[in-house]
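Residue numbers (the working numbering): 93 to 456.
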């Protein structure tokens with residue numbers, strides 16, 4: 093018997109996240125997920141009169157292809173994927189690999205080539221389709237979160253099925269404040285950072301792009317960033333684990349970067365000219381997500397957090413930075429993680445992870 097929460101999630105992805113309509117085409121990209129989920133999405137799409145298309149992926153096969161990423165094959169893959177994406181109105185990806193480190197032994201130069209070839213498809217999908225990306229609960233994710241598999245599944249559906257519509261008024265209020273702000277000043281343990289977000293749009297995310305969701309994002313003016321930033325949430329990027337990432341900025345550029353794996357960190361930041369500049373600043377507030385689990389889609393939404401992202405900006409909130417990298421590194425500012433403040437033009441908006449203004453308090 094299919095878990096009724098799967099059907100509920102599929103309906104939310106179709107009717108709310110991507111707002112599919114009659115006659116539209118949606119690509120369902122399923123990575124190592126049980127057949128019940130793509131089947132539920134197919135049925136939900138058909139219920140609104142849309143046309144579902146499905147791709148099934150296996151992480152072991154993907155790794156084997158990735159180990160020797162020949163340019164000629166990647167060119168054809170990218171060309172075909174872009175052609176397919178241009179036929180789609182919406183895109184839903186569900187990723188459930190049992191080993192998040194499956195690509196860890198793929199050579200850095202090979203990963204760089206894969207990312208570069210995939211960027212055109214990713215940019216088109218992000219900018220030209222309605223899209224939503226989510227993980228699928230696995231035992232390895234439960235292990236990362238320090239939970240039993242059953243408890244993690246309950247947590248997963250709880251955060252994914254959050255009533256985002258109820259948060260929209262407060263999210264719009266935060267968006268308005270961000271769009272009116274010039275200088276942002278962030279302080280906390282190991283962090284004293286200033287930058288401008290003047291005249292750059294802010295985007296409120298309430299379940300339309302990622303599930304789980306709960307953030308408002310913008311971008312800093314590219315050359316305005318100065319100071320230091322210490323991230324306290326661990327991260328996995330390109331199959332490698334990173335802890336205690338610290339950056340020092342001058343005129344927007346990361347001029348010093350350290351971590352538990354400083355060499356690999358700097359290899360990533362040297363991927364291209366834009367990788368040492370920031371493409372996104374976002375404030376996270378999903379109250380059901382409290383602690384990091386080395387999964388970016390969850391960790392970037394942690395209640396009381398923000399993320400400051402090296403690499404590619406989003407077209408909707410563009411600061412002009414271009415890169416094959418987009419790495420959402422997270423800092424949690426709740427008291428149990430050391431605290432901290434975010435101020436807009438001298439006014440403290442959030443202290444120790446709690447919004448202070450009345451119109452923003454529903455996000456706490």
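All residues carry an ideal CB built from backbone N, CA and C; glycine is no exception.
In the displayed model, residue 284 falls within a strand according to three-state DSSP. The straight-line gap separating the alpha-carbon atoms of residue 351 and residue 333 is approximately 10 Å. Between the region 352-365 and the region 384-399 there are fewer than three C-beta pairs closer than 8 Å, too few to call the two in contact.
Here the alpha carbons of residue 269 and residue 296 stand approximately 12 Å from one another. The distance from the Cβ of residue 174 to that of residue 212 is about 6 Å, consistent with a contact at the 8 Å cut-off. The beta carbon of residue 315 sits closer than 7 Å to the beta carbons of 343 and 344 from its chain, once the five residues preceding and following it are set aside; these are given in chain order.
Across the structure, residue 129 and residue 118 are spaced so that their CA atoms are roughly 15 Å apart. In the DSSP annotation of this structure, the continuous segment of the alpha helix (DSSP H) that includes residue 200 starts and ends at 200-220. Annotation: residue 384 to residue 294 spans about 25 Å, alpha carbon to alpha carbon.
Closest option to residue 372, judged by alpha-carbon separation, among 349, 357 and 422: 422. Here the region 132-149 lies against the region 104-119, with 3 or more beta-carbon pairs under 8 Å apart. In this structure, the CA atom of residue 214 is about 11 Å from the CA atom of residue 178.
Around residue 339, the same chain offers 321, 346 and 349 as residues with beta carbons nearer than 6 Å, after the five sequence neighbours per side are excluded.
The continuous beta strand (DSSP E) containing residue 436 extends over residues 433-436. Partner residues in the beta bridge of residue 144, as assigned by DSSP, are 118. Burial check for residue 94: the Cβ neighbour count within 10 Å stays below 16, so the residue is exposed. Here DSSP, grouped into helix, strand and coil, assigns residue 323 to coil. Here residue 403 is bridged, per DSSP, to 418. Secondary-structure assignment with DSSP links residue 302 through a beta bridge to 225. For residue 256, the enclosing alpha helix (DSSP H) starts and ends at 256-272.
Residue state for residue 442 is assigned as strand, using DSSP reduced to three classes. Bridge partners of residue 329 according to DSSP: 332. For the pair residue 280 and residue 166, the Cα-to-Cα distance works out to about 43 Å.
Around the beta-carbon of residue 261, fewer than 16 other beta-carbon atoms lie within 10 Å, marking it exposed.
Residue 204 counts as buried, since at least 16 other C-beta atoms from the protein chains shown sit within 10 angstroms of its C-beta.
DSSP places residue 383 in the coil class of the three-state scheme, outside both helix and strand. No Cβ-Cβ contact shorter than 8 Å links residue 209 with residue 240. Proximity of the region 391-405 to the region 416-435 meets the contact definition, three or more beta-carbon pairs being nearer than 8 Å. Following the DSSP letters along the chain, one finds residue 356 inside the alpha helix (DSSP H) bounded by residues 354-361.
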